[in-house]
Amino acid sequence: MNRVWMVSAAIVVVVGCAGKTAAPHIWELKQAGARLESSRAGITTSEKDQLAKQPLGQNTYQLIGVADFVDAQTSASIGDRAKILTPSRVNATGMLVSGHKVAVKGLLIDASPPRINLTSVVDLGSCPSHD
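For the sequence shown, my numbering puts the final residue at 183, and the numbers step up evenly by one.
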């Protein structure tokens, strides 16, 4: 008898401060605020306006699947992308910027540490500095 396992993964949206890690393919979302479930993978203009008003928080997530959202140079340093894509063919939005407040959407991986596999990122400007 064959069994089909259905796995339910929530698409979530979270606002926080983006930061690089030692591994170019993994970033962190620090000072992340409340996590909300979403019915779609992208972030609309009206959602962006609402998310920009969301307060930061105390949560931290690892961000994976970042290659399409960092700058082209960082994207090329992930895996074998530089070997298979010329610089003009790198598809990277540049929306994931270290030190910036960002809104991210993606699939929540409830693990330790919790991770979000990105489907969308919008840059909301600089994060406040902590002195």
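Ideal Cβ positions, reconstructed from N, Cα and C, are used throughout, including at glycine.
For T171, no alpha helix (DSSP H) run applies; the uninterrupted beta strand (DSSP E) run containing it begins and ends at 167 to 178, by DSSP. When the alpha-carbon of Q114 is set against those of S181, G71, L176, V65, the nearest one is in G71.
In the three-state reduction of the DSSP assignment, L160 falls in the strand class, which pools E and B. Counting only residues of its own chain and dropping the five nearest sequence neighbours on each side, Q83 has a CB closer than 6 Å to the CB of G68, C69, L108. For L115, there is no enclosing alpha helix (DSSP H); the enclosing beta strand (DSSP E) has its first and last residue at 111 to 116. The distance from the Cβ of A155 to that of L103 is about 4 Å, consistent with a contact at the 8 Å cut-off.
The Cβ atoms of P76 and I130 sit closer than 9 Å to each other.
In this structure, DSSP gives L88 an extended state, which the three-state scheme calls strand.
Annotation for A61: L159 place their beta carbon closer than 6 Å to its own, counting only its chain and skipping 5 residues before and after. With respect to A86, D120 sits apart: the two C-beta atoms are not nearer than 9 Å.
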